[in-house]
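Residue numbers (my numbering), protein chains in the order written: chain A, 12 to 332; chain B, 236 to 548.
Next up, the structure:
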């Protein structure tokens, strides 16, 4: 009996030892997992940051390209107008000299008056027929136009990045669409026709710079799916308690085996070095944190439609319709 | 030639750019259009001297317009004026458009006017090389006589070039600028094929100085460095004949080298046409120190007899 007790005690002790060892192992594992989790979280915020930088780079390149044309003619025009005005001034000075001579001449003597009159008429006609002032004025009209265009680009850029506000805000999704289209303009130009079907929609609450990033990402993907030509349709509408933006391309479509993985981090079909594979996973994450959802419909060789929905602001919902 | 005789054709999809150019060239005979098809017809009908063309336009890309004009009216000098520096446009403007200059928007007025005036003088004075293929007999002779020099210090690329070129051309391989000059001093060389950079430094500096003193040598630059600015400089300062991207494809490589040999062969018979590939003399600041002394001197003194012609410029 005693021996049996000893055996039991030994077994229990062994079990306790085992359990303790097991516990230690589990604790270590838990610590490992939590360290891993922290690492993943850090990586993820790093990744969001990196993606933000990449889209910032894309944005700057895009806007710089858009600005080159207006800056090109405005800069040229200003210099040309300066020259034209200088040349015109020389003509005017000649004319004034004529007047001065006329004023100081003895007008009672026909032999003085006649040549003076002829000379003055000639200068007057040259001045009257000269197009430099109207040319300069036309160039200045173009330049004013160009400066307005540049100002709009800068305003759009500020709107896109929202450097002045960082945090939850009420904003208009249609404005976000326009900003993103402007930023993407240089990759769409001469290749892709852009159609808009933007409805009257209430504002939503969220971090506008992140939502802009989502739209730019989807537009960039759509543009890359289309190759040499295609049509990009961007539509927005209210659907119940949600506001939707739909981005449709006429591109290659997404193959069935790829479709389930498109929102996975690091999944990409682009050649090494061209895509990070982070685009859509970031898009998904941002939409999720906004309480929204993202859906995709696709048909091979016909194209894809990505639909992003965001909930209406609660304050707006509480108001009677 | 007075400036009023210069006939310039400007093509851009942005009317405000065209009005700006018209005002800038107001002392010249300027025609502007947003329609590429009209431009191509106008170029030969009006016998224009210089074409200034935008790259990105909705109906037709600038390099396509310039390629068409090159065929329809080869006498005109072609200038690309663009706000975009994407590598494909740059490659196309060399390989298809064979442009005289690649100018970025926003441009410098004085520089653009001087470039157009220079181009117009060349278009009037320098004879045109017919774009037609050199006949078969000539081509064979050219391949046998004209040396092709490859400057390449990457063993894999060199091996690849050996496979592609050795069976067809008088080809010599070197790995450094110094060895390159030794070959140039000893053999008639019509084509120089080079990397943009190697362990010995920036090869483009060598290419550019070589073009300045010996514009009839056709240069083919091979690169895996997708840098648009380097390529633009190779056009404007080096009048590079072809730009090829790595990995090299047998077909396009053969075609380019054949065309380069043909170009040299034609220039050898018509040296005055080399003026069409004029580049401005390089300033001291543009010449790296490794090239500035002895090597540059050797480039300048390359014996004309080996180049098969009297100096054309």
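Using N, Cα and C, we set each Cβ at its ideal position, and we do this for glycine too.
Interface residue (Cβ-Cβ distance to chain A less than 8 Å): residue 301/B is not classified as such.
Using a Cβ-Cβ distance cut-off of 8 Å, the stretch 70 to 85 of chain A and the stretch 148 to 164 of chain A are in contact, since at least three pairs of beta carbons, one from each stretch, lie closer than that value. In this structure, 523/B is the residue among 278/B, 523/B, 331/B with its C-alpha nearest to the C-alpha of residue 443/B. For residue 430/B, there are no neighbours in chain A by C-beta distance under 9 Å, as the nearest C-beta there is about 20 Å away. Runs of the alpha helix (DSSP H) spanning 4 or more residues and lying entirely within the stretch 120 to 161 of chain A occur at 121 to 140, in chain order.
When the beta-carbon positions are compared, residue 185/A and residue 247/A come within less than 8 Å of each other. Per the C-alpha coordinates, the member of 231/A, 39/A, 134/A, 92/A positioned closest to residue 150/A is 92/A.
Cβ contact annotation for residue 311/A (same chain, cutoff 7 Å, sequence separation greater than five): 264, 266, in chain order. The beta-carbon of residue 207/A is placed no less than 8 Å from the nearest beta-carbon of chain B. Residue 249/B belongs to the set of residues whose beta carbon lies under 8 Å from a beta carbon in chain A.
A Cβ-Cβ contact shorter than 8 Å links residue 278/B with residue 286/B.
Residues are counted here when their Cβ sits less than 8 Å from a Cβ of chain A; for the stretch 325 to 343 of chain B these are 339, 340, 341, 342, given in chain order. At least one CB of chain B lies nearer than 8 Å to the CB of residue 200/A.
In the DSSP assignment, residue 240/A forms no beta bridge with any residue.
For residue 404/B, the nearest beta carbon of chain A is not closer than 8 Å to its own beta carbon. Under the three-state reduction of DSSP output, residue 94/A falls in the helix class. Following the DSSP letters along the chain, one finds residue 384/B in no alpha helix (DSSP H) but inside the beta strand (DSSP E) bounded by residues 382 to 386. Counted as a single uninterrupted DSSP element, the stretch harbouring residue 446/B is not any beta strand (DSSP E) but the alpha helix (DSSP H) occupying residues 438 to 448.
Between the stretch 38 to 46 of chain A and the stretch 302 to 316 of chain B, the count of C-beta pairs closer than 8 Å stays below three; the two stretches do not touch. Look at residue 296/A here: in three-state DSSP terms it is helix. Residue 322/A carries a strand assignment under DSSP once its states are collapsed to helix, strand and coil. Counting along the chain, residue 197/A sits inside the alpha helix (DSSP H) bounded by residues 184 to 199. DSSP lists no beta-bridge partner residue for residue 19/A. A Cβ of chain A is located within less than 8 Å of the beta carbon of residue 258/B. Listed in chain order, the positions of the stretch 273 to 305 of chain B with a beta carbon within less than 8 Å of a beta carbon of chain A are 291, 292, 293, 296.
Residue 89/A sits in a helix when the DSSP states are folded into three classes. Of the residues 211/A, 112/A, 230/A, the one whose Cα lies closest to the Cα of residue 259/A is 230/A. In chain order, 284, 285, 286, 335, 354, 355, 357, 358, 511 place their CB closer than 8 Å to the CB of residue 312/B, counting only its own chain and leaving out the 5 sequence neighbours on each side. Neighbours of residue 80/A in chain B, taken as residues whose beta carbon is under 7 Å from its own, are 249, 252, 318, 340 in chain order. Using a Cβ distance threshold of 8 Å, residue 429/B and residue 410/B do not count as a contacting pair. According to the DSSP assignment, residue 535/B belongs to the alpha helix (DSSP H) that extends over 529 to 535. Boundaries of the alpha helix (DSSP H) around residue 473/B: 463 to 473. Positions of the beta strand (DSSP E) runs, each at least 3 residues long and wholly inside the stretch 335 to 376 of chain B, are given as 336 to 339 in order along the chain. Contact between residue 469/B and residue 424/B does not hold, since their C-beta atoms are separated by about 19 Å, which reaches or exceeds 8 Å.
Per DSSP, residue 304/B is one residue of the alpha helix (DSSP H) stretching across 297 to 307.
Of the candidates 309/B, 432/B, 245/B, 448/B, 432/B places its Cα closest to the Cα of residue 456/B.
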